[in-house]
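Here it is, written out as structure tokens:
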């Protein structure tokens with residue numbers, strides 16, 4: 001979207017348009033406006049109107065319906081709904097802005113499992129996995145990563161701040177749940193931090209040898225033993241966020257070494273009982289993440305322990321042995337192929 005004459009207005013709105021700043025926006029002083037122009041912060045949403053596209057339903061609260069533009073089949077790849085604030089679109093058009101994007105609040109898209117795996121292997125900023133259906137398709141909630149709130153003047157911007165904030169709060173807090181319930185979908189999420197991307201590339205990219213180890217034990221090489229059931233437990237329904245340093249030297253932990261990525265991931269439980277992962281690169285700064293899972297009883301440490309136990313049983317049954325030398329030889333061969 002061009003900025004041009006709208007740049008100053010967009011900058012004023014920046015602090016108020018981000019989902020994480022909803023409370024700030026609702027506390028801001030907002031001049032009185034007509035009922036058609038602004039939504040009261042306290043106004044009930046109402047039962048809602050159902051829109052349909054490709055057999056899928058989107059519920060829009062009655063109080064917001066006239067304030068939004070709903071595009072059932074946007075020409076944007078996998079997307080089947082696009083929702084924008086009507087006043088922002090009109091303000092951009094009056095200002096002569098030709099490119100689309102003004103007022104955009106969110107879109108919904110549908111992808112295959114393979115397409116989802118490809119997305120998870122890269123940065124998914126502005127896209128959230130929210131659900132899957134009985135046929136194995138997955139649903140993505142797309143949202144802007146910049147400000148799309150547009151008005152023709154500073155006065156109009158201040159007047160309608162509460163309306164913009166309310167629409168975005170609805171889209172972020174309620175659209176997911178309503179969409180899942182109205183279409184009989186199963187909620188599902190996946191992490192897309194550095195940890196999530198490493199894990200996704202590991203299981204959805206080309207097969208590679210890897211090593212698992214418990215602290216102070218000899219690493220076990222896994223070449224041909226599938227990591228899928230263990231890694232998916234650590235990827236779906238998971239969230240990895242940067243954490244402050246916590247003591248782990250005295251703790252037992254499991255290490256997963258991914259030669260292709262040049263990274264080691266240490267999984268452990270902290271003194272506080274929380275799950276942690278340390279991202280380790282040779283010669284680089286290490287990064288610590290706190291892990292949270294939708295399954296409150298899940299401990300990454302236990303998943304890693306079971307994985308290593310099964311890997312050892314696999315080697316025993318196959319009559320094979322894993323050594324550090326074998327892992328080193330594999331890594332050298334891998335580099336030569338590149």
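Numbering (our numbering), first residue to last: 1 to 338.
For each residue, glycine too, the CB sits at the ideal point set by N, CA and C.
Model, not experiment: these values are computed from the prediction.
Out of the options, point me to the one whose CA is closest to residue i's CA.
i	options	result
residue 78	274, 89 and 141	141
residue 308	86, 274 and 226	226
residue 292	137, 49 and 272	272
residue 277	122, 234 and 91	234
residue 200	236, 286, 50 and 285	236
residue 137	127, 156 and 117	117
residue 80	179, 163, 91 and 96	179
residue 285	301, 297 and 264	264
residue 143	154, 135, 129 and 66	129
residue 62	68, 69, 49 and 53	49
residue 153	208, 83 and 91	91
residue 268	206, 219, 320 and 305	305
residue 218	274, 208 and 256	256
residue 160	113, 86 and 115	86
residue 228	241, 220, 216 and 208	208
residue 313	102, 183, 252 and 220	220
residue 340	298, 206, 182 and 281	Because the chain in this structure spans residues 1 to 338, residue 340 falls outside the shown range and cannot be described.
residue 216	232, 252, 189 and 165	252
residue 123	298, 193, 294 and 282	193
residue 102	113, 112 and 145	145
I'd like to check one pair, residue j with residue i: are the Cβ atoms closer than 7 Å?
i	j	result
residue 311	residue 212	yes
residue 147	residue 88	no
residue 191	residue 239	yes
residue 198	residue 303	no
residue 289	residue 318	no
residue 214	residue 254	yes
residue 139	residue 94	no
residue 210	residue 222	yes
residue 84	residue 69	yes
residue 51	residue 58	yes
residue 97	residue 82	no
residue 300	residue 275	yes
residue 185	residue 133	yes
residue 258	residue 202	yes
My assumption, with CB atoms under 8 Å, is that residue i sits in contact with residue j. Please give the rounded CB distance.
i	j	result
residue 195	residue 279	7 Å
residue 131	residue 74	The Cβ separation is near 19 Å, so there is no contact.
Checking contacts by CB at 7 Å: is residue i closer than that to chain D?
i	result
residue 229	Looking for chain D here will not work: only one protein chain is present.
For residue i, verify whether its CB is less than 6 Å away from any heavy atom of the ligand MG.
i	result
residue 74	With respect to the ligand MG, the structure shown offers nothing to examine, as it has no ligands at all.
Enumerate, from N- to C-terminal direction, the unbroken beta strand (DSSP E) stretches of 3 or more residues contained entirely within the segment 48 to 102. 49 to 53, 56 to 60, 68 to 71 and 79 to 85, all fully within the segment 48 to 102.
Ranges of the alpha helix (DSSP H) found wholly within the segment 134 to 175, counting only runs of at least 4: Within the segment 134 to 175, the complete alpha helix (DSSP H) segments at least 4 residues long are 154 to 159 and 161 to 173, listed from N- to C-terminus.
Could you tell me which whole alpha helix (DSSP H) segments of length 4 or greater appear in the segment 264 to 295? With a minimum length of 4 residues, no continuous alpha helix (DSSP H) run stays inside the segment 264 to 295.
Could you say if the segment 95 to 107 and the segment 158 to 174 meet the contact criterion of at least three C-beta pairs nearer than 8 Å? They touch, by the three-pair rule.
Please give the ranges of any beta strand (DSSP E) in the segment 210 to 252, keeping only runs that are unbroken, at least 3 residues long and fully inside the region. Counting whole runs of 3 or more residues, the segment 210 to 252 contains the beta strand (DSSP E) stretches 210 to 214, 220 to 222 and 238 to 242.
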